[in-house]
Amino acid sequence: MADDSCAHIAAITTVKHPKRRVCEECVKNGDAWVHLRTCQSCGATLCCDSSPNKHASKHAGATEHPVIASAEPGERWLYCYPHDEMAEY
Ligand SMILES: [Zn+2]
Ligand SMILES: [Zn+2]
Ligand SMILES: [Zn+2]
Numbered sequence: 903m904a905d906d907s908c909a910h911i912a913a914i915t916t917v918k919h920p921k922r923r924v925c926e927e928c929v930k931n932g933d934a935w936v937h938l939r940t941c942q943s944c945g946a947t948l949c950c951d952s953s954p955n956k957h958a959s960k961h962a963g964a965t966e967h968p969v970i971a972s973a974e975p976g977e978r979w980l981y982c983y984p985h986d987e988m989a990e991y
């Protein structure tokens, strides 16, 4: 079996936080979202998997940007999509 432990989260030394507390894609279309996530590769802030558009998940799949951070106040965790791994920071 391949080593499937996540090096993506370990590589993050400075966590990116949202520039604006909106989903960048949903605001363009006037859509609603539930929670926000910030891409740790490019800094895009997008909506979570409980949101109708799941923009953070789609972004990760389209761009191969693996790790997001919660952009919700008080939440301090990172999540890697390809490894399905979560870590607090
Ligand atoms: Zn990973
Ligand atoms: Zn969205
Ligand atoms: Zn990104």
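In my numbering, the protein residues as written are 903 to 991. Ideal Cβ positions, reconstructed from N, Cα and C, are used throughout, including at glycine. Keep in mind it's a predicted model, so treat the numbers as computed, not measured.
Counterpart residues of GLU987 in DSSP-defined beta bridges: Here residue 987 is taken as the residue at index 85 of the sequence shown, counted from 1. GLU987 is bridged by DSSP to CYS982.
Whole-angstrom distance between LYS960 and CYS944, CA atom to CA atom: Along the sequence shown, one-based indexing puts residue 944 at 42. Along the sequence shown, one-based indexing puts residue 960 at 58. Going by the C-alpha atoms only, they are around 14 Å apart.
Rounded separation between HIS985 and SER907 - CA only: For the purposes of this step, residue 985 is taken as the residue at position 83 of the sequence shown. For the purposes of this step, residue 907 is taken as the residue at position 5 of the sequence shown. Between HIS985 and SER907, the C-alpha separation is close to 7 Å.
Backbone secondary structure at CYS928 - three-state DSSP: Within the sequence shown, numbered from 1, the residue matching residue 928 stands at position 26. Looking at CYS928 - three-state DSSP - the assignment turns out to be helix.
Residues that DSSP places opposite ALA971 in a beta bridge: Residue numbering aside, residue 971 sits at position 69 when the sequence shown is read from its first letter. Answer is THR940, LEU980.
For THR965, three-class secondary structure by DSSP: If you number the sequence shown from 1, residue 965 lands on position 63. DSSP, reduced to helix, strand and coil, places THR965 within a helical segment of the structure shown.
Alpha carbon of HIS967 to alpha carbon of ASP933, nearest angstrom: Mapped onto the sequence shown, residue 967 falls at position 65. Mapped onto the sequence shown, residue 933 falls at position 31. Going by the C-alpha atoms only, they are around 23 Å apart.
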